[in-house]
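The numbering of the sequence shown is my numbering, which starts it at 56 and goes up by one. All C-beta atoms, glycine included, are put in the ideal place defined by N, C-alpha and C. All values derive from a computational prediction rather than experimental measurement. Reading through the structure tokens given below for one structure.
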Amino acid sequence: MKDGGPTAGPGLRPRRPDPDDADSSLTANDRAAVLFDFGGTLDADGLPWKERMSRLFREEGAVVPHDRFDPAFYTADDALVGALAATTSFQATVERLVAGVAQALELSDPYIAARVSRRFLGDSLEALDGNTPLLRELGRRYRLGIVSNFYGNLAQVCDDAGIRPLFGALVDSAEVGCTKPAPRIFQLALDALGVSAAKATFVGDSLPRDMAGARGVGMPHIWLVGAEPSAAAPCCRDDRQIRSLRELKAILL
């Protein structure tokens, strides 16, 4: 998934305050907002789309080395940026991306792409559903937002997943004309939520896009490294690292 006219899309409008929000109870040490990456973070607990898709293709019989799969994925991924209508569903997004990868790989079995699409979407929706209770709990204390390098239909995808009402800002790179790690895309979300960078925390799985981008705008950040150990050093000294979003409960609540 993509990690582009500076016009802000409709998802940038802050939502109206909810009576259940507990901003008034925040202490001076609390963050006023929590921002998330989408793909690989909210829908997969630290496993990027490319890696998830590569595993699924292998499990479905398309055993392709990384040096062949990665260019195929990036080509298919780039082709969708700005090419999808804002109303394109999550299912159609996944199907078009997987079909593009399969075409680039010149697979002989036409049914592999259908199986990969079905499993990828199912896994994503299951992860999003599992993370929804945590997001609801966070939303009672913090303003929430998403900053994603996406295709122009992030709001529809979040709507399909049932999480759109939980977020006061949805910033889609294809809508706003810039991508992470540019500080501007993070600032757009902060402005929409009405908070400063110092009063927010960013949670994401990508070191060069999420962590470095949040650092560039002066926002504290938490690195979702996933279940598998990473050999890379943190973005900043003493950065928090988590293996699952569930660990945010102990940190932020």
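Residue i - DSSP class collapsed to helix/strand/coil
i: G185; result: helix
i: F257; result: strand
i: S79; result: Confidence at S79 is low in this model, with a pLDDT of 34, below 50, so its placement is unreliable and no value can be given for it.
i: I297; result: strand
i: L279; result: strand
i: R170; result: helix
i: R191; result: helix
i: E161; result: coil
i: K235; result: coil
i: N84; result: Any reading at N84 needs caution, since the residue's pLDDT is 40, under 50, leaving its predicted position unreliable; the model's value is listed next. Residue state, collapsed to three classes: coil.
i: P120; result: coil
i: D100; result: coil
i: A63; result: At A63 the pLDDT is 34, less than 50, meaning the model places this residue with poor confidence and gives no usable figure here.
Limits of the beta strand (DSSP E) - the one that residue i falls within
i: L225; result: 224–227
i: F91; result: 88–91
i: V202; result: 198–203
Reference residue i; option with closest CA among the options
i: L152; options: Y166, V136, P165; result: V136
i: V156; options: L209, A127, I297, A282; result: A127
i: D132; options: W104, Q146, A255, L90; result: W104
i: S144; options: A210, V171, R123; result: A210
i: D215; options: S299, G95, A141, R196; result: A141
i: H276; options: P289, D260, S285, T256; result: T256
Bounding residues of the alpha helix (DSSP H) (the contiguous stretch that carries residue i)
i: D214; result: 209–215
i: S109; result: 104–114
Buried or exposed (CB count within 10 angstroms, at least 16 for buried), residue i
i: H121; result: exposed
i: K235; result: buried
i: P65; result: Annotation note: pLDDT 37 at P65 (below 50); position unreliable, no value reported.
i: A311; result: With the chain running from 56 to 308 in the structure shown, residue 311 is simply not present.
i: T130; result: exposed
Would you say the segment 241–257 touches the segment 192–210, given that touching needs at least three Cβ pairs under 8 Å?
Judged by pairs of C-beta atoms under 8 Å, the segment 241–257 touches the segment 192–210, as three or more such pairs exist.
Measuring CB atoms only, is the segment 218–226 touching the segment 109–116, in the sense that at least three cross pairs come out at less than 8 Å?
Contact annotation: the segment 218–226 does not touch the segment 109–116, with fewer than three C-beta pairs closer than 8 Å.
Contact between the segment 116–128 and the segment 155–173: three or more CB pairs below 8 Å?
Verdict: yes, contact present.
Taking one C-beta from the segment 187–200 and one from the segment 169–178 each time, how about it: are there three or more such pairs within less than 8 Å?
The segment 169–178 and the segment 187–200 do not touch, with fewer than three beta-carbon pairs separated by less than 8 Å.
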